[in-house]
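Visitor:
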Amino acid sequence: MTALAAGVAPAVGLRRATRAYRAMSRAAFRSLVAYQTSFLFGLLATTLAAVAMLYLWRSVLAAGTVRGFDWPAMRAYLLVAFVAGSLVSSYVDYRMAGRIQQGDVAMDLVRPVDYQKSRFAEALGFGVYELGTGLVVAAAAAALFGGVPAPARGGVVPFAVSAVLVMPLRFGIVYVSALVVFWTRNYVGVQSARIALVTLFSGGLVPLAFFPGWLQGLAAALPFAGMASTPALLYVGGLSGAAAWRAVAVQAAWTAGLWWLGRAMWRGASRQLTVHGG
Amino acid sequence: MARIEADDLRKVFRRPDKGPGLAGSLRHLVERRYTEKAAVDGISLRVDAGEAVAYVGPNGAGKSTTIKLLTGILVPTSGEVRVNGIVPHRHRIENARGVGVVFGQRTSLWWDLPVRDSFELLRDMHGLGAAEYRENLDRLVEMLQIGDLLDSTARRLSLGQRMRCDLAAALLHAPPIVYLDEPTIGLDIEVKDRLRTFLRQVVAGGTTLVLTTHDLGDIEDVCSRLVIIDQGRIVHDGGLRQVIETYARERVMHADLASRPVSLSGVAARLPGATVTEERDGLGVAVAFDPLAHTAAAVLSALQQEAEVVDLRIEEPAIEDVVRRMYAGQLDAAPGERTGT
Numbered sequence: 023m024t025a026l027a028a029g030v031a032p033a034v035g036l037r038r039a040t041r042a043y044r045a046m047s048r049a050a051f052r053s054l055v056a057y058q059t060s061f062l063f064g065l066l067a068t069t070l071a072a073v074a075m076l077y078l079w080r081s082v083l084a085a086g087t088v089r090g091f092d093w094p095a096m097r098a099y100l101l102v103a104f105v106a107g108s109l110v111s112s113y114v115d116y117r118m119a120g121r122i123q124q125g126d127v128a129m130d131l132v133r134p135v136d137y138q139k140s141r142f143a144e145a146l147g148f149g150v151y152e153l154g155t156g157l158v159v160a161a162a163a164a165a166l167f168g169g170v171p172a173p174a175r176g177g178v179v180p181f182a183v184s185a186v187l188v189m190p191l192r193f194g195i196v197y198v199s200a201l202v203v204f205w206t207r208n209y210v211g212v213q214s215a216r217i218a219l220v221t222l223f224s225g226g227l228v229p230l231a232f233f234p235g236w237l238q239g240l241a242a243a244l245p246f247a248g249m250a251s252t253p254a255l256l257y258v259g260g261l262s263g264a265a266a267w268r269a270v271a272v273q274a275a276w277t278a279g280l281w282w283l284g285r286a287m288w289r290g291a292s293r294q295l296t297v298h299g300g
Numbered sequence: 029m030a031r032i033e034a035d036d037l038r039k040v041f042r043r044p045d046k047g048p049g050l051a052g053s054l055r056h057l058v059e060r061r062y063t064e065k066a067a068v069d070g071i072s073l074r075v076d077a078g079e080a081v082a083y084v085g086p087n088g089a090g091k092s093t094t095i096k097l098l099t100g101i102l103v104p105t106s107g108e109v110r111v112n113g114i115v116p117h118r119h120r121i122e123n124a125r126g127v128g129v130v131f132g133q134r135t136s137l138w139w140d141l142p143v144r145d146s147f148e149l150l151r152d153m154h155g156l157g158a159a160e161y162r163e164n165l166d167r168l169v170e171m172l173q174i175g176d177l178l179d180s181t182a183r184r185l186s187l188g189q190r191m192r193c194d195l196a197a198a199l200l201h202a203p204p205i206v207y208l209d210e211p212t213i214g215l216d217i218e219v220k221d222r223l224r225t226f227l228r229q230v231v232a233g234g235t236t237l238v239l240t241t242h243d244l245g246d247i248e249d250v251c252s253r254l255v256i257i258d259q260g261r262i263v264h265d266g267g268l269r270q271v272i273e274t275y276a277r278e279r280v281m282h283a284d285l286a287s288r289p290v291s292l293s294g295v296a297a298r299l300p301g302a303t304v305t306e307e308r309d310g311l312g313v314a315v316a317f318d319p320l321a322h323t324a325a326a327v328l329s330a331l332q333q334e335a336e337v338v339d340l341r342i343e344e345p346a347i348e349d350v351v352r353r354m355y356a357g358q359l360d361a362a363p364g365e366r367t368g369t
């Protein structure tokens with residue numbers, strides 16, 4: 023008979039959990055191979071958008087520095103934001119929302135693993151692929167546009183911390199928005215709303231410094247800044263000293279907050295869960 | 029020892045009560061009204077180790093909802109449930125270690141991966157050792173004949189192939205309890221037979237099985253106990269034989285006669301309560317009778333006094349008749365005959 027977890031020592035439980043989630047990450051990575059064509063098309067679209075943006079900003083900044091950004095700094099900012107933005111793209115939420123809508127989530131619930139950690143493990147598996155391709159595209163674009171300056175001196179440590187936080191933070195936002203499907207039964211609207219908010223407030227399109235003052239204050243406090251703006255600004259030295267660590271702290275607080283929000287929403291959702299389609 | 033204990037289990041769903049058409053949908057946005065429906069309405073059930081239970085009822089009777097309550101997918105509105113001594117919805121992960129589940133209309137395989145990779149993923153999720161995994165997999169591959177499917181991705185499998193792989197996936201960790209929700213739906217006869225043989229072997233190995241199905245062949249071949257549910261309530265719980273005795277007692281004797289004519293009314297007069305009908309243009313007679321009122325010998329002797337009987341056979345009621353009558357609402361007409369737990 024299967025040993026039930028109640029009688030399993032914590033160390034054994036941890037080892038078993040690690041093994042399960044690592045296997046899920048690997049499986050997610052491998053299943054991307056099946057979607058490689060659609061992934062490459064998506065990559066092409068975002069690459070074209072990034073290149074168009076680089077051309078646009080080059081002409082804007084041809085006359086000189088605007089709001090603290092000269093052309094090389096803007097280049098670096100946009101490319102860091104691009105790599106950050108390529109993480110946790112639509113696989114995690116598409117799958118999740120689809121499985122919730124179709125009722126296949128029932129199958130996820132009869133597996134001996136935590137739902138949220140499983141989705142995070144999968145996001146990590148996809149993330150390896152996303153990060154790899156994102157870096158390649160960014161490096162090619164950097165070569166095309168005349169290189170990217172090295173990270174700002176003194177900002178390397180907060181940048182590194184911020185870069186590590188990007189992935190779990192993005193996961194939190196994507197996960198929470200996909201869980202909304204339990205209540206709305208439909209994901210299209212929720213996803214559009216999220217993408218609009220992220221595009222505007224993450225600073226991936228236009229640096230937040232270009233917003234009016236009151237909106238900058240709001241954007242800095244929202245979770246979206248940590249998805250692109252914070253690491254990109256830290257890289258180019260747009261944030262330094264106490265301001266740098268304050269931005270990283272906001273990012274970390276949202277990462278943790280969204281993780282726990284996701285857990286609370288899951289508890290609520292599973293209590294009122296109706297599984298569709300028999 | 030009871031593997032599954034459910035006590036007065038209820039699950040109430042709230043459905044939005046929309047009027048017809050666009051006007052109804054718009055009104056629903058302003059004034060929300062809901063209808064409450066008890067999909068499972070006070071079910072009590074005990075299943076012991078090694079039992080094979082068929083859980084039967086018409087569409088919408090609450091079969092799948094019960095399975096989802098027992099597997100911890102759904103949280104009951106009220107009532108108690110314990111599986112392997114665990115409350116499934118409170119300890120979902122621990123519960124999942126001790127049960128295997130197949131929902132016939134869904135797959136637990138990873139759509140984009142080879143079947144073998146799905147199995148290895150499940151091995152890692154359940155923390156199976158290499159030797160244990162090897163042994164279980166070999167046994168399942170042999171019994172279900174899925175050896176040449178292991179390297180295909182799940183999306184390429186036919187329904188029957190997928191179902192066999194799904195059964196293997198559910199049994200890979202050798203769970204003491206297996207729930208199968210319509211496992212033979214949409215399969216052809218040969219595959220069905222193979223699955224039923226497999227399920228008999230699983231039950232013989234001491235596994236507790238709960239099977240919901242519309243296919244009566246599944247029940248007669250695999251299960252010894254029949255639970256009938258209708259409108260969220262158990263209307264019968266007992267041995268398969270006993271159901272037939274209770275709800276389908278009537279037997280039919282078909283007799284071939286040497287010559288006509290035969291006096292049907294003469295036969296009927298000797299067997300009060302039985303129904304006598306002509307068959308084969310008068311060369312045969314069918315007598316439907318209750319074995320508690322008349323023995324088969326008495327029926328035969330009544331026939332022989334009216335005509336020369338050449339050959340005869342007695343038709344026993346099948347579980348089909350019981351369930352067909354139940355679906356037609358005839359069991360409800362005789363509430364006094366209900367047997368509860």
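These protein sequences, in sequence, are chains A and B. Per the numbering used here, the first sequence starts with residue 23, numbered consecutively. Per the numbering used here, the second sequence starts with residue 29, numbered consecutively. Note that CB positions come from ideal geometry on N, CA and C, so glycine has one too. Keep in mind that this is a model prediction, so the values were computed, not measured.
When the cut-off is 9 Å and only beta carbons count, does S136 (chain B) lie next to chain A?
Guide: Closer than 9 Å to some Cβ of chain A, the Cβ of S136 (chain B) qualifies, so yes.
Visitor: Determine the chain B residues that contact S53 (chain A) at a beta-carbon separation under 7 Å, and present them in chain order.
Guide: W138, D140 and L141
Visitor: If you check the beta carbons only, do V130 (chain B) and A34 (chain B) fall under 9 Å apart?
Guide: no
Visitor: Is there a Cβ from chain B that is less than 9 Å from the Cβ of T24 (chain A)?
Guide: Interpretation of T24 (chain A) is limited by its pLDDT of 41, a score under 50 that renders its predicted location unreliable; the figure taken from the coordinates is listed afterwards. It does: the Cβ of T24 (chain A) has a partner Cβ on chain B nearer than 9 Å.
Visitor: Taking P338 (chain A) and F181 (chain A) to be in contact with their CB atoms under 8 Å, please state how far apart those CB atoms are, rounded to whole angstroms.
Guide: Absent from the structure is residue 338 (chain A), since the part of chain A shown begins at 23 and ends at 300.
Visitor: Against chain A, does V68 (chain B) count as a neighbour if the rule is that its beta carbon must be under 9 Å from one of theirs?
Guide: no
Visitor: Counting only beta-carbon atoms, is D145 (chain B) nearer than 9 Å to chain A?
Guide: yes
Visitor: With distance defined between alpha-carbon atoms, name the residue in B:T303, B:G90, B:S146 and B:T99 nearest to R183 (chain B).
Guide: A check of alpha carbon separations from R183 (chain B) across B:T303, B:G90, B:S146 and B:T99 identifies B:S146 as the nearest.
Visitor: Pull up the DSSP beta-bridge partners for S106 (chain B), would you.
Guide: B:R38
Visitor: Could you name the residues of the same chain whose beta carbon sits closer than 6 Å to that of D360 (chain B), not counting the 5 residues immediately before and after it, in chain order?
Guide: Residue confidence is low: D360 (chain B) scores 49 on pLDDT, short of 50, so the model does not pin down where it sits. Its coordinate-derived value is still stated next. Same-chain partners within the cutoff: there are none.
Visitor: Is the Cβ-Cβ distance between F246 (chain A) and L222 (chain A) less than 9 Å?
Guide: yes
Visitor: Please work out which residues of its chain come closer than 6 Å, Cβ to Cβ, to A185 (chain A), disregarding the five sequence neighbours upstream and downstream, and give them in chain order.
Guide: P253
Visitor: Using beta carbons (cut-off 9 Å, strictly below), is A159 (chain B) in contact with chain A?
Guide: No, because no Cβ of chain A sits closer than 9 Å to the Cβ of A159 (chain B).
Visitor: In whole angstroms, give me the CA-to-CA distance for A27 (chain A) and E148 (chain B).
Guide: Its pLDDT being 44, under 50, A27 (chain A) is placed unreliably in this model, and the coordinates cannot settle the point.
Visitor: Tell me whether the beta-carbon of P104 (chain B) lies closer than 9 Å to the beta-carbon of R38 (chain B).
Guide: yes
Visitor: Please go through the same chain and pick out, in chain order, the residues whose beta-carbon is closer than 7 Å to the beta-carbon of A362 (chain B), but skip the five residues on each side of it.
Guide: Annotation note: pLDDT 41 at A362 (chain B) (below 50); position unreliable, no value reported.
Visitor: Hey, how far is the Cα of L254 (chain B) from the Cα of V230 (chain B)?
Guide: 18 Å
Visitor: Could you tell me the distance, in whole angstroms, from the CA atom of Y77 (chain A) to the CA atom of A165 (chain A)?
Guide: 14 Å
Visitor: Using the beta-carbon count (16 or more within 10 Å), is E309 (chain B) buried or exposed?
Guide: Residue identity check: residue 309 (chain B) is Asp in the sequence provided, not Glu. D309 (chain B) is exposed by the Cβ-count criterion.
Visitor: Using a cut-off of 9 Å between C-beta atoms, extract the partners of V135 (chain A) located in chain B.
Guide: I121, A124 and M153
Visitor: Give a yes or no on whether 9 Å exceeds the smallest Cβ distance from E273 (chain B) to chain A.
Guide: no
Visitor: I want to verify the contact list: residues of chain A whose CB lies under 8 Å from the CB of L149 (chain B), in sequence order.
Guide: What L149 (chain B) touches in chain A: A45, M46 and A49.
Visitor: Ignore the nearest five residues each way along the sequence and tell me which others in V280 (chain B)'s own chain have a CB closer than 6 Å to its CB.
Guide: A314, A316 and E343
Visitor: Which of helix, strand or coil does DSSP assign to A202 (chain B)?
Guide: coil
Visitor: Using three-state DSSP, classify D152 (chain B) as helix, strand or coil.
Guide: helix
Visitor: What are the start and end residues of the beta strand (DSSP E) that includes S72 (chain B)?
Guide: Y62 to D76
Visitor: Whose C-beta lies closer than 8 Å to the C-beta of V34 (chain A) among residues of the same chain, with five residues either side of it excluded?
Guide: none
Visitor: Helix, strand or coil: how does DSSP classify R133 (chain A) here?
Guide: Looking at R133 (chain A) - three-state DSSP - the assignment turns out to be coil, as it is neither helix nor strand.
Visitor: Tell me, please, which residues DSSP counts as bridged to I114 (chain B).
Guide: B:V111
Visitor: Does DSSP put I95 (chain B) in a helix, a strand or coil?
Guide: helix
Visitor: Relative to chain A, which residues along the stretch 80–103 of chain B have a C-beta separation below 8 Å, given in chain order?
Guide: Those residues of the stretch 80–103 of chain B that come within reach of chain A (Cβ to Cβ, closer than 8 Å) are S92, K96, T99, G100, I101, L102 and V103.
Visitor: Is the beta carbon of L331 (chain B) sitting closer than 9 Å to the one on V295 (chain B)?
Guide: yes
Visitor: Less than 8 Å between C-beta atoms, sequence neighbours within five positions excluded: which residues of the same chain meet that for Q123 (chain A)?
Guide: V203, R207, N208, Y209 and H298
Visitor: So, with DSSP's three-state summary, where would you put H264 (chain B)?
Guide: strand
Visitor: Between which residues of its own chain and R285 (chain A) is the CB-CB distance below 8 Å, once the five residues before and five after are set aside?
Guide: Q138
Visitor: With distances taken Cα to Cα, identify the nearest neighbour of M191 (chain B) among B:L150, B:H201 and B:D209.
Guide: B:D209
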